[in-house]
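Okay, structure first, notes after.
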Amino acid sequence: MAEYHDRPGTILLVDDHRESLAALRAVLEPLGEPLVLAESGEQALRALLHIDCSVILLDVRMAGMDGLQTARIIRSRPGTRHIPIIFMTAGSGELEEITRAYESGAVDYVVKPFEPEILRAKVGVFVQLHSERAERVRESRARAEAEAVARAVRTLQILSDAAMTHLELDELAAALTLRSAELFGASAAALLLRDDKLPGLHVRARAGALTLGLENERIRVGEDLLGEIAATLSGAILQARNLDAEDRARAGLVNGLASLLVVPLLSAGELMGVLLLAGERDEHFDQRDLELLTLAADRMALAVDHAQRYADGRLLVETLQRSLLPERLPVHPRMHVAARYMPAGLAPQVGGDWYDAVELDSNRTAVMIGDVVGHGIRAAITMSELRNALRAFAIEGHSPEEALRQLDRVVLATRGPGMVATLLFVVIDAAEGTVTLARAGHPPPALRAVDGSVRFLETARTLPLGVDPNEVPSQETYPMKPGETLLLFTDGLVERRGEPITDSFDRLLDALSEAPAEVDALCEHVLRRTATEQGRDDDTAVLAVQLLDSAVGALELKLPARAQSVTLARHRLRAWLEENAPELDPVARTDLEVAWSEACSNVVRHAYGPAEASFDASARRVGNELRMTVRDTGQWRAPGNRSGGRGLPLMEQLSDELVIDRQADSTTVTMVRQLPSDGSGTAILCP
Amino acid sequence: MTEEPASPKDLLGGAGIGELASVTASEHRPGLVLTISGEVDISNIDSIADAIYGLPNTEEGLLIDLSDVTYLDSSAVSLLHDLAMRLRSRAQQMIVVSPPATPPRRILDLTALYVNAPVADALDGGLKLLTGGNAPL
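Chains as they are written, first to last, in my numbering: chain A, 26 to 712; chain B, 185 to 321.
Written as structure tokens, this is what we have:
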């Protein structure tokens, strides 16, 4: 008798008594949500394969598979794990049965016979929660899709970066057209650009096996089909089968071409041109292609604009250089990072110096700096490749020496011998207070202690990348204390023609020793003090990282495991939140207070025996993420009856992420809550 | 419509439960009104429970007014649950008053099924429920 609905918000009722099901249905029907009835646990599990369920009402005592077994299976399946289960128990609701119900994943239980009004109101709460959760899932899917697009765009950006090696406009146009056609599998492509002397947009480049038929090789903006689309300044997809013969010809869809992707090239809101891609199949392009190419077109437009305006390519080169450096450095609660890049002299050249910084986890940040020998676009592209590869190795969690080993392999495989690059890769662990570094032919970093003394952190000297496949880099680990600053630099900072390198290093040590503490000012100072009057012979990059005191910004408590500590911990958190997350509204602040108090209460109740004991509680904010941790070193007892098992579900509901790490000798509860980036601290999952 | 409640009689004498919260009780025929204010957590829940369980058991039902509670967590939720279960087994009713869009009400909403007692937005409505028997929410 199971009725399957594929509508959101379905309420699943499971009871092996038909009369009970009928009664439940009568009670819950006024909610207006679809109901699915199941007469056994097996039937319920089958139904869950087909429905999007907001809440399950599950009879504990059923013939065959009972409610507890059913619940455990529901909890074990990824697709149904999140569905709230309300157990229905007959009679008094014995404590043991209730306890087992919670253990098997119940969010609540009700005792039969229930009061209809109350049951209906309460189930309504879960239906509402479900629709809010569904909204959140939709949002995160949209984010995932946006990320997929962003990945594709990055690929395209690399291609268009490469295309910019052709500073001459016609070569640039040809490269962009060809690469776009390849990327989107188009059979024909044409790039039309504006011309200062003639009205309209004119074909500047074509690509593909087939040819788009464009009358007079141009589009008149605002006229005809393509001209009208161009005038809207937004892209479109055209299908030949939806057009009459005349429009088909005007859209260039001849020679077997069936669909057309039209994207305007806009620079500063101005129409620079139009890129046309055509396919031989209907529906060759989808909405995602349109979005992707539209994003890429912005970049192409910029390149075209630069190429048109600056014959010497000076600005383009600089833009390229800047675009290859990180737009912003990671913000870390325990580290300050700053960097500077100075081009050499006045030549319109791109240098091969680069730096990057990547946050690996809440404690560790990787910083890297490198120098590709040579100048110009080729060096810049190599540097871009190195940077991207190293970034990937860092994020994958490779140690510095392993990352360099991998990178060496990449360089040898893709560039072959002859491409010389130096590199320094450093991982800073704020929790451990360590610096681990490996380098390939690069100068070592300098560490400035709190008292101003400076020394270089050496590792075994190695060859640059891409020289010798048998060369194995090795790493060293040094302590780094709060207040200390690490300076990474390229050799442009120290090299001066006609001067012994030791003199240059001494000058750097002096400059760093007396530099201001603040990292941005420190970088400026070091650059100024090491420059010659004639400017620099070589490009120079510097990057400074300062480790901060752990107490800065974070709330750290060590409290006796007593009930009064929970109150104290909450009041301290409240004060800390007021200072460190003032944008939180009262409800959201209480969410965090409750989640925190529950975690502390659990320690007080369950973690320790009669002996005096203590626990640690900490809260920190990183950007828009609040992270609260409660840690004890006790042996947990089973929950007693007063706790009622409500704490954990509340912690779950009130945080975005709850992780309970039970080790043999300690338990750590971590709760994470994202603050809205618009600054308003709205509550999550608020019915 | 509802009869004028008898003049409130403070049954607990305004028991201060530590510095965190206070509990007072008064008669509102045919029930009892219990007013809690301040913060309720694991540190004072046992004192509050003792105060409540020490109340005379001569009335039809109990109204727990949480309008002046600024903080509560699962310790309070468990107490409300125990009270509701106990009263129900004696054919008495329990009504909770908590204004909407307040932090305590949010916790009550999230744990509503567990507490399993009607929650009124304001004292007036709560008293009507108490005196009117099984009136709809």
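We treat Cβ as the ideally placed atom computed from N, Cα and C, and that holds for glycine.
Whole-number beta carbon distance between V135/A and L297/B, since they are thought to touch under 8 angstroms:
Taking the second sequence and counting its residues from 1, the one referred to as residue 297/B is at position 113. Taking the first sequence and counting its residues from 1, the one referred to as residue 135/A is at position 110. That pair is a contact at about 6 angstroms.
Which two residues bound the contiguous alpha helix (DSSP H) that contains I254/A?
By one-based count along the first sequence, residue 254/A stands at place 229. For I254/A, the enclosing alpha helix (DSSP H) starts and ends at 249-257.
Taking the continuous alpha helix (DSSP H) assigned at E426/A, which residues delimit it?
Residue numbering aside, residue 426/A sits at position 401 when the first sequence is read from its first letter. Start and end: 425-439.
Beta-bridge pairing of A115/A - partner residues as DSSP gives them:
Taking the first residue of the first sequence as position 1, residue 115/A is located at position 90. Bridge partners of A115/A: K137/A.
Contact set between the stretch 203-223 of chain B and chain A, restricted to residues whose Cβ is under 8 angstroms from the partner
Per Cβ criterion, the list reads L204, E223.
Which one or two residues does DSSP pair with L301/A in a beta bridge?
Counted from its first residue, the first sequence places residue 301/A at position 276. L301/A is bridged to A215/A, V287/A.
Taking the straight line between their C-alpha atoms, what separation do you get for T105/A and A206/A?
Working through the first sequence from its first residue, we reach residue 105/A at position 80. Working through the first sequence from its first residue, we reach residue 206/A at position 181. Taking the CA atoms as reference points, T105/A sits about 44 angstroms from A206/A.
Limits of the alpha helix (DSSP H) - the one that L609/A falls within
As a first step, residue 609/A is located in the first sequence; it is residue number 584 there, counting from the start. Segment: none, L609/A is in no alpha helix (DSSP H) and carries neither H nor E.
Every unbroken alpha helix (DSSP H) inside the stretch 40-116 of chain A [4 residues or more]:
Segments of the alpha helix (DSSP H) lying fully in the stretch 40-116 of chain A: 43-53, 66-73, 92-101.
Rounded separation between P355/A and V570/A - CA only:
Against the first sequence, residue 355/A aligns to sequence position 330. Against the first sequence, residue 570/A aligns to sequence position 545. Between P355/A and V570/A, the C-alpha separation is close to 11 angstroms.
Against chain B, with Cβ distances strictly below 9 angstroms, would A644/A count as a contact?
Here residue 644/A refers to the residue found at position 619 when the first sequence is read from its first residue. Not one beta carbon of chain B lies nearer than 9 angstroms to the beta carbon of A644/A.
For V280/B and L271/B, believed in contact at Cβ under 8 angstroms, the rounded distance:
Here residue 271/B refers to the residue found at position 87 when the second sequence is read from its first residue. Here residue 280/B refers to the residue found at position 96 when the second sequence is read from its first residue. Taking 8 angstroms as the upper bound for CB-CB distance, L271/B and V280/B are not in contact here, some 12 angstroms apart.
Report yes or no: do three or more beta-carbon pairs, one from the stretch 456-464 of chain A and one from the stretch 502-519 of chain A, lie closer than 8 angstroms?
Yes, they touch.
For M653/A, the residue or residues it bridges with in DSSP:
Locating residue 653/A in the first sequence gives position 628, where the first residue counts as 1. When DSSP reads this structure, M653/A sits in a beta bridge with A644/A, M696/A.
Answer with buried or exposed for P192/B, where buried requires no fewer than 16 other C-beta atoms within 10 angstroms of its C-beta.
Against the second sequence, residue 192/B aligns to sequence position 8. Residue placement at P192/B cannot be trusted, given a pLDDT of 48 that sits under 50; the coordinates are not used to answer.
Partner residues on chain A for A296/B, Cβ-Cβ distance less than 7 angstroms
In the second sequence, residue 296/B corresponds to position 112, counting from 1. In chain order: K147, V150.
Could you check if E44/A is buried or exposed, using at least 16 other CB atoms within 10 Å of its CB as the buried criterion?
Looking up residue 44/A in the first sequence gives position 19. Burial call: exposed.
So, are the CB atoms of H212/B and L247/B less than 9 angstroms apart?
As a working mapping, residue 212/B is identified with position 28 in the second sequence. As a working mapping, residue 247/B is identified with position 63 in the second sequence. It is a contact, given that the beta carbons lie within the stated cut-off.
Compare the C-alpha of L534/A against each of V398/A, F151/A, A471/A, M325/A and name the closest.
Walking along the first sequence from the start, residue 534/A turns up at place 509. Answer by Cα proximity: A471/A.
In chain order, what residues of the same chain have a beta carbon less than 6 angstroms from the beta carbon of I685/A, not counting five sequence neighbours either side?
Along the first sequence, one-based indexing puts residue 685/A at 660. So the qualifying residues of the chain are V694.
C-beta neighbour in chain B for A211/A, strict 9 angstroms:
Within the first sequence, the letter at position 186 stands for residue 211/A. Cβ-Cβ to chain B under 9 angstroms: no for A211/A.
Quick check: the Cα distance between V492/A and A542/A, rounded to an integer number of angstroms?
On the first sequence, residue 492/A is found 467 positions in, with the first residue counted as 1. On the first sequence, residue 542/A is found 517 positions in, with the first residue counted as 1. Straight through space, the alpha carbons of A542/A and V492/A are spaced by roughly 38 angstroms.
Name, please, each residue of chain B whose Cβ falls closer than 9 angstroms to the Cβ of L675/A.
One-based indexing of the first sequence puts residue 675/A at position 650. Contact of L675/A with chain B by beta-carbon distance below 9 angstroms involves D257, S258, V261, I291, L294, T295.
Would you kindly check if the distance between the Cβ of D41/A and the Cβ of E64/A is under 9 angstroms?
The residue labelled residue 64/A in the question sits at position 39 within the first sequence. The residue labelled residue 41/A in the question sits at position 16 within the first sequence. Going by beta carbons, E64/A and D41/A fall inside the 9 angstroms limit.
So, under 8 angstroms CB-CB, D657/A and A620/A are touching, yes? Tell me the CB distance rounded to an integer number of Å.
In the first sequence, residue 657/A corresponds to position 632, counting from 1. In the first sequence, residue 620/A corresponds to position 595, counting from 1. Taking a contact as a CB-CB distance under 8 angstroms, the pair D657/A and A620/A does not count as one, their CB atoms being some 16 angstroms apart.
A235/B: first and last residue of the uninterrupted alpha helix (DSSP H) it sits in:
Your numbering for residue 235/B matches position 51 in the second sequence. From DSSP, the alpha helix (DSSP H) with A235/B extends over 229-237.
Cross-chain neighbours of S227/B in chain A, by beta carbon under 7 angstroms:
In the second sequence, counting from the first residue as 1, residue 227/B sits at position 43. Near S227/B (Cβ distances below 7 angstroms), the residues of chain A are A588, Q589, V591, T592.
If you reduce the DSSP assignment to three classes, tell me which class V551/A lands in.
Translated into positions along the first sequence, residue 551/A becomes position 526. Three-state DSSP puts V551/A in a helix.
When the cut-off is 9 angstroms and only beta carbons count, does I108/A lie next to chain B?
Indexing the first sequence from 1 puts residue 108/A at position 83. No Cβ of chain B is located within less than 9 angstroms of the beta carbon of I108/A.
Mapping the DSSP letters down to three states, classify G149/A as helix, strand or coil.
Against the first sequence, residue 149/A aligns to sequence position 124. Here G149/A carries a helix assignment [DSSP, helix/strand/coil].
Using the rule of at least 16 other Cβ atoms within 10 Å of the residue's Cβ for burial, across every protein chain shown, is N267/A buried or exposed?
Along the first sequence, one-based indexing puts residue 267/A at 242. Around the Cβ of N267/A, a 10 Å sphere holds fewer than 16 other Cβ atoms; the residue is exposed.
Coil, strand or helix - H309/A by DSSP:
Residue numbering aside, residue 309/A sits at position 284 when the first sequence is read from its first letter. Coil.
Cα separation between V80/A and A566/A?
Reading the first sequence from its first residue, position 55 is the one you call residue 80/A. Reading the first sequence from its first residue, position 541 is the one you call residue 566/A. Distance between the alpha carbons of V80/A and A566/A is about 58 angstroms.
Residue closest to G659/A, alpha-carbon to alpha-carbon, out of M653/A, L679/A, E637/A:
Position 634 of the first sequence, counted from the first residue, corresponds to residue 659/A. Ranking the options by Cα distance to G659/A, first place goes to E637/A.
Is F450/A helix, strand or coil by DSSP?
Locating residue 450/A in the first sequence gives position 425, counting from the first residue. DSSP, reduced to helix, strand and coil, places F450/A within a strand of the structure shown.
Please check if any C-beta of chain B sits within less than 9 angstroms of the C-beta of A576/A.
Translated into positions along the first sequence, residue 576/A becomes position 551. The predicted model places A576/A with a pLDDT of 47, which falls under 50 and marks its position as unreliable, so this point remains unresolved.
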